[in-house]
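A short write-up of the structure that comes next.
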Amino acid sequence: MNCWMFTASAMAALMLLAMVRMVKGPTSADRLVALDAVNTLVVASMIVLGAAFKQVVFVDVAIVYALLSYVGALFIAKYLGGEL
Amino acid sequence: MILNILIWTALAIGLFFNTLGIVGILRFPDVYTRLHADTKATTFGSIFTSLAVILYAAATYFQTLDGQYATLALHAAVAVVVLAITNATAAHAIARAAHRRGHKPVQAVVDRLEEHNQP
Amino acid sequence: MTPFLLLQALILLGLIVTGALIIAFKDLLAAAIAFAAFSLLLSIEFYILQAPDVAIAEAGIGAGLTTAIFLIAIRGTKRFEEKE
Amino acid sequence: MMDTFVMRHLPALLIATPLFAAFLMPLVGNAGRTVRSAWVFLGALLTSAIGLALAWKVLATGTVLYVFGAATTQQALPPDAAFPIRIMFQVDALSALMAVIVSLSSLGITIYSLAAESKQSGLETFYAMLFLLIAGVLGMVVTGDLFNFFVFLEISSLAGAALVAYRVDDGVAVEAGLKYALLSTVGALAVLTAIGILFAQYNALNLASLAARLQFTALDKVALVLLAVPLAMKCGAVPMHFWTPDTYTTAPSSVTAFLVVSSQASLYALFRILFTLYGHLVQFSWATFGWFLIVLGVLSMFIGVTMAIPQKDVKRLMAYHAVSQTGYMLLGVGVGLAVLGNAEALKTYGKTAMAGGLFHIINHAMYKGLLFLTAGAIFLRTGTRNLNRLGGLGHTMPWTMVFFMIGALAIAGVPPFNGFASKLLIYESVFRFSPFLSIIAMVVSILTLASFVKVFHSMFLGPPRAEFAEAREVPAPMFIGMALLALFVVVAGLMPQPFIDHLISPAVDALVDRSGYIAAILGGR
Amino acid sequence: MDVTQTLQTGSGAWNPLLWLLALAVALALALAIRSRGRKDFREGNGRKPFISGNEEPGNAGGHVPASNLYWGFLESLKGYYSRLVPLHTGVPTDYVAWLLGVMALMLVIGLTI
Amino acid sequence: MMTLLLLKLPYFTVVVLTLLGLAAMVFKKNLIKILMGLSLMESAVNLFLVATGYRMGGVAPIFTNAPSPHMTLPTVQALTLTSIVIGVATSAMMLSFAMVIYKKYGTVDSQKVKKLKG
Amino acid sequence: MKMTKIVRTTADVFYPFCLVFGLYVVIHGHLTPGGGFQGGAVMATGAALLIVAHAYEDITGRIRKTAMKILEAIGLLTFLFAGLSGILFHRPFMANWMAQTGKLFGNTVAHGPNPGDLNTAGLLPLLNVGVGIEVLGGLTVILLYMLSGIKEEKKP
Amino acid sequence: MMKIALFSAILLVLFGGLMYIAADLPFGSPPVSDMDDYFIRNGQEQTGANNIVTSIVFDFRGFDTLGEATVLFTAVLGVGMMFRKMKEGEEYEND
Amino acid sequence: MLSFIATALFSGALYLLLTAGSGSILRFWSSQELFVAALVALAVGFASRNYFSRNRQRAVLNPLRWLRGIAYVLGPFFLEMAKANIDVACRVITGRIRPGIVRVKSGMKTDMGTLLLANSITLTPGTLTVGIDEESNDLFVHMINVPEGLEARESIEARELFGLFDCPARVRRIAE
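Protein chains in written order, with my numbering: chain G, 1 to 84; chain P, 1001 to 1119; chain R, 2001 to 2084; chain V, 3001 to 3525; chain Z, 4001 to 4113; chain C, 5001 to 5118; chain S, 6001 to 6156; chain D, 7001 to 7095; chain Y, 8001 to 8176.
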């Protein structure tokens, strides 16, 4: 079934689109929003690709990402709020 | 067959909402509204794409009774739950940081937080 | 063009874009955000190159800790590059 | 029983001992000063004893193999394959020479640092770092695996950079540390890229295995450049020497003395890659890379010594001399590399030139370390390194003066110290290769003497100065540390031929004998 | 161990013991000269030591700063130093650029030969 | 030419990223930015290492529930792991150096951090 | 400074989650992707989560630098001694003498895809745990030290 | 200005060299892979680990991992050294 | 002690969830995994007992609440989310927005309840928690479309934000 690969490719294209906001974003907060969107898309496409490659063990990577990029986003937000 | 249709539908819905979220990020005028588009639409879309994976894995598990597909489904579910919670909290943190930084909501009709912070 | 190559091309394009953004941004915070996005994309590239171990390591390091370390360093120094 | 047990696992213990000493240091550091000093002394003593024993074993019985994780320590190849799959230490005579250098100087330096660094805070970190640096350098010189070499290079670079920045309170040290770390990291990245290129083509990481498979395609040329240039940078060759004076000046003196050894290890790696990995290939024009080394060497000699003369900071001056002396080694071994294809020339003077270069490595590590240690002793007692302010210390610190004099005469190549012995070998053999180069080398030697006369005059001669009235002789551990190195300088100067026969000549043969290195692993297959 | 072995350089030889012998001779000469000096000299008995017929200058002002040494040498090589010293800028990026420059040069040389 | 570019896209990406990192190291003045360029180069080298070990259609070298025994090369992945750790260690240490330099010098401009020269 | 109650509560919930997941990655290092280093990084990120959500002053009371340093040293020594243990069995340093013996961590594995068994791979799980502890301690200490560098600067 | 031109030239040459690597190395089909094939064939039986990467990291190349852990330890010590508490009067004169 | 047990149980359950499918005990687990799960539960319980149930809430131990939580997430909450997503979709396409930040009385007393409510509000499209009053647990919610007349009121009730179900009440039953 090639639908997984197709979905993943579409999500990669969406990531590129989100990058437009990262380039344009007038403020850092906007860029952070774009990063958050990319993060969500990456996790989703990792799950999808895990099914595409038919390898169970790959989904762990997605969990790690969902957990960890959150910390990065929090650090950036804390800095942005002037609290770090 | 029905399974295939379900998977396709879930993927399509997921992709649709993801696209919508990205378009929202590009179109909306300020941080808060962009966050609306980002957090909700992309999370919702990702839930649906992952739902497709979970459906696929669960169906295969019940066909073959192979433990690895149960693992796949469970891990995907865990990832989605984690993603939803972290996204919500991260959106809150970003919005608060932006507000503390002094980004006013564009076209806002009311801003109670501003009043709360500076009585 | 197979779906695999398409996916890879899109992600590598994203890598180059974010890499250029890291260098181009004068605002170091924005550069750090771009670095986080770069790590995300690099990790998914490792993922589709069938290296999940490396992908997890890159996830743990790139998304969470390197961002944190860079932000602390930016907080400890200056946020903006000087004008030429 | 016990001794054979230890003897069998010498190469592993060589790395494990300093690592163990370093890892336990955060715990031992809380136990008080005496315990810490005893621990440091014990660790250094054990490490150097193991290093010397390993060198002795190698020189007595030939190349020692140690395969990590195999069924036996000697089993290089798996039973059903003709290529090595595990990391191994391949200690041949050249590695043994380097191990001797590292062991001797690390012992002297560690003993010295027990007293010299007593005023600072964070000492357990300092000693842990020193052990890590020793372990990194030892690993660099004994390993037979390219990627493992990279790891040890990084260990020594990071530990070196942190040690350079040890005296944080003044930002200058941190600046030097940052420069060192930056350059080392860029260099290490280039090395890693080269490893990637080689691995992608030949699917091997073992040096001998890679050497046996090397085809010398154009990609290999790129890899050679990416390997050789950063290593030349790490050993401080002009025009990539800029980090050397900065780093050597600001580091604590004991660390500086060891950084010299660390750059010798890079030099070793450079020679190893040029000779063992890339040497003796049909398509390879030896003269090109021989001349690369020679040009780097001559530039280093000349620019180093001329930059040294106007310096006011004593350690900075010595650092430029370190650059200049590195030039001699590059020149000697470069001549050997340039005539590698010419068996006749190699036999008549090439090997002598290489012996001179290699002998100069060990001599340089000893006398330069001694000089830096004396500079540290002066700094400890006077609090300044500025030559314009120093003076008249010969009245109050006579032993330091004697040690300085030994080191200075040795570096200037005045007989009968060891610097002369190695320089004589280089002069005579290089003269037969190209008289011009030999004359440059002699001129540089004269300039070296001149600048050390200046240092000696400004530091020790003249009437005693009032501001250094309370300067007195150094404490005992520092004295012992310096005496150890000075003893070697004198002994190696008075009887150089035993050193040449038993230590240097086997090393030269090992460097030239590429097929022997490969055969030690790949054997009959 | 044969201590008296000479250092073979391929085209010649050198024996450190001979040098030690020469040093000993020089030392003996020095002692001989010293023994011819005035033995009745004591510090502070009114008489002053002299060097080459002149009175020994006092210790005051005896400190010669290191920068004053080799002044002529540096002055004559001014053109050389004025080019060489500015290369040592102390800027970390320049250091990296030098490394990359040599690497690029060697790439060109290596790939063309 | 186009097909070559497309087929070896990872390598070309590596080249571009390395060049970007080098450009940052040579042309930029802010130390933090230079270190970001260095990290970028490290990532590029990691990508290069992993890309050299990829086999078309291979699966990850993990036998747990593996679909086929046609696997990508595992050694480069092990090397990359090591190199990632080394990279983060180096970055952390150099960033703390930069912080201390800012504390002492009041600037992170590399053109002004040059008390040691000559 | 603390972040809001929402973030703090999330961090409190996710901290054990990070630890459990990190331990899962560490313990299953020889079966699934991951291993000591990756799991340690995940655990360290859990600590980083606490650090970022709560105030630095609050968290240093609970997560101490000295304790983390000792943890790191313990991890490293575990690794070193696990490596040295091969010497006692007349094998070289770092020899995996426990694999395929049928005892602890010694279940035999044949070639080919299989669902995986936790009780295999000899010394590897031990080394994984050692590295995991080391990385947890090391990365946390790095973060704490760098944060202390910021806070110190603020005071005068 | 001169400097920028020179640096650009250097970068251009390096770009050329690196491009050469990229154009010459095959992607997707390593030319020689005997060592890795050995690992894939025998790693599982020799070490008992299903994950070949882990078996390489910790067994076949375990010594590298010790070095890697040491690097991390070094970095931790280095960072700690930078931000350590100074003693009174611990100064380093530089003139 | 209570907090330790709660954390240990939570982490053990989580570990078992992650390793499901490894063996045949209860169709899912192997014996080694169960053993390791106990170890992990002890270790993590020791390490994070002061964080997971900070206020020593007994509520965490109640399995009924967990079931209710899962039911809430899968049922009402998901439907709310779907409905509101379509709403936001329309707004993305048309671009009609009328944003504003309003004060919402949450009425929650515990941290966990506040968290659940805030996340529910955030994940429901159209509303986004921006800030929180630390004392009274009142939330400041950014609405993408403030209904007419709402901006004049000092504060609104939480259930007014949800259209179909009374989510705050359900959250209260789960977490308090």
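Every residue, glycine too, gets a C-beta built ideally from N, C-alpha and C.
Strictly under 9 Å for the Cβ-Cβ distance: is residue i near chain G by that measure?
i, result
"A946(P)", "The requested residue 946(P) does not occur in the structure, where chain P is confined to residues 1001 to 1119."
"F2080(R)", "no"
"T2018(R)", "yes"
In the DSSP assignment, what residue or residues form a beta bridge with residue i?
i, result
"R3432(V)", "None, per the DSSP bridge assignment."
"L8139(Y)", "V8104(Y), I8132(Y)"
"V5059(C)", "M5071(C)"
"L4007(Z)", "W4014(Z)"
"T5064(C)", "N6114(S)"
"R8098(Y)", "N8145(Y)"
"I5086(C)", "In the DSSP output, where bridge partners are listed per residue, I5086(C) has none listed."
Let me see if you follow: with CB-CB separation under 9 Å, is residue i close to chain D or not?
i, result
"S6148(S)", "yes"
"E3470(V)", "no"
"K6155(S)", "In this prediction, K6155(S) scores a pLDDT of 49, lower than 50, which makes its location untrustworthy; the coordinate-derived value is nonetheless stated afterwards. No, K6155(S) lies away from the interface with chain D (no Cβ there is under 9 Å from its Cβ)."
Going along chain C, which residues have a C-beta under 8 Å from residue i?
i, result
"Q7044(D)", "F5063"
Any beta carbon from chain Z within less than 9 Å of residue i's own beta carbon?
i, result
"I5032(C)", "no"
"V3282(V)", "Unreliable positioning characterises V3282(V) in this predicted model, as indicated by a pLDDT of 49, which lies under 50. The coordinate reading is nonetheless provided below. Cβ-Cβ to chain Z under 9 Å: no for V3282(V)."
"G7078(D)", "no"
So residue i and residue j are supposed to be a Cβ contact under 8 Å. How far apart are they, rounded?
i, j, result
"F6017(S)", "L8016(Y)", "Their Cβ separation, rounded to whole angstroms, is 14 Å, which puts F6017(S) and L8016(Y) out of contact at 8 Å."
"L5116(C)", "V3186(V)", "Not confirmed; about 19 Å, so no contact."
"A2036(R)", "A2063(R)", "6 Å"
"L8139(Y)", "I8132(Y)", "6 Å"
Which residues of chain P have a Cβ atom closer than 7 Å to the Cβ of residue i, listed in chain order?
i, result
"M8112(Y)", "Chain P residues near M8112(Y): none, gap ~12 Å exceeds 7 Å."
Kindly indicate the opening and closing residues of the alpha helix (DSSP H) around residue i.
i, result
"V2054(R)", "2052-2058"
"V3414(V)", "Note, V3414(V): premise wrong, no alpha helix (DSSP H); not H, not E."
"F6017(S)", "6005-6027"
"F3089(V)", "Careful: F3089(V) lies outside any alpha helix (DSSP H), inside the beta strand (DSSP E) at 3088-3091."
"Y5011(C)", "5009-5027"
Measuring only between beta-carbons, confirm whether residue i sits less than 9 Å from chain S.
i, result
"T8129(Y)", "yes"
"V1106(P)", "no"
"F7039(D)", "no"
"A7049(D)", "yes"
Could you check where the beta strand (DSSP E) with residue i kicks off and where it finishes?
i, result
"F3068(V)", "Looking at the DSSP string, F3068(V) is not in any beta strand (DSSP E), and its letter there is neither H nor E."
How would you list, in chain order, the residues of chain S whose beta-carbon sits under 8 Å from the beta-carbon of residue i?
i, result
"A5098(C)", "Under the 8 Å cutoff, chain S gives no residues; its nearest Cβ is about 11 Å from A5098(C)."
"I1094(P)", "Near I1094(P) there are no residues of chain S at all, since even the closest Cβ is about 11 Å away, more than 8 Å."
Under 9 Å, Cβ to Cβ, is there at least one residue of chain C near residue i?
i, result
"L2049(R)", "yes"
"P4065(Z)", "no"
"V4102(Z)", "no"
"T6032(S)", "yes"
Step through the CB atoms of chain V and report whether any lies within less than 9 Å of the CB of residue i.
i, result
"K7085(D)", "yes"
Flag residue i as yes if its beta-carbon sits less than 9 Å from any beta-carbon of chain Y, otherwise no.
i, result
"R6062(S)", "yes"
Which residues of chain D have a Cβ atom closer than 9 Å to the Cβ of residue i, listed in chain order?
i, result
"N3030(V)", "Result: empty, since nearest Cβ-Cβ is about 14 Å, beyond 9 Å."
Contact criterion: CB-CB distance below 9 Å. Does residue i meet it with respect to chain P?
i, result
"M6098(S)", "no"
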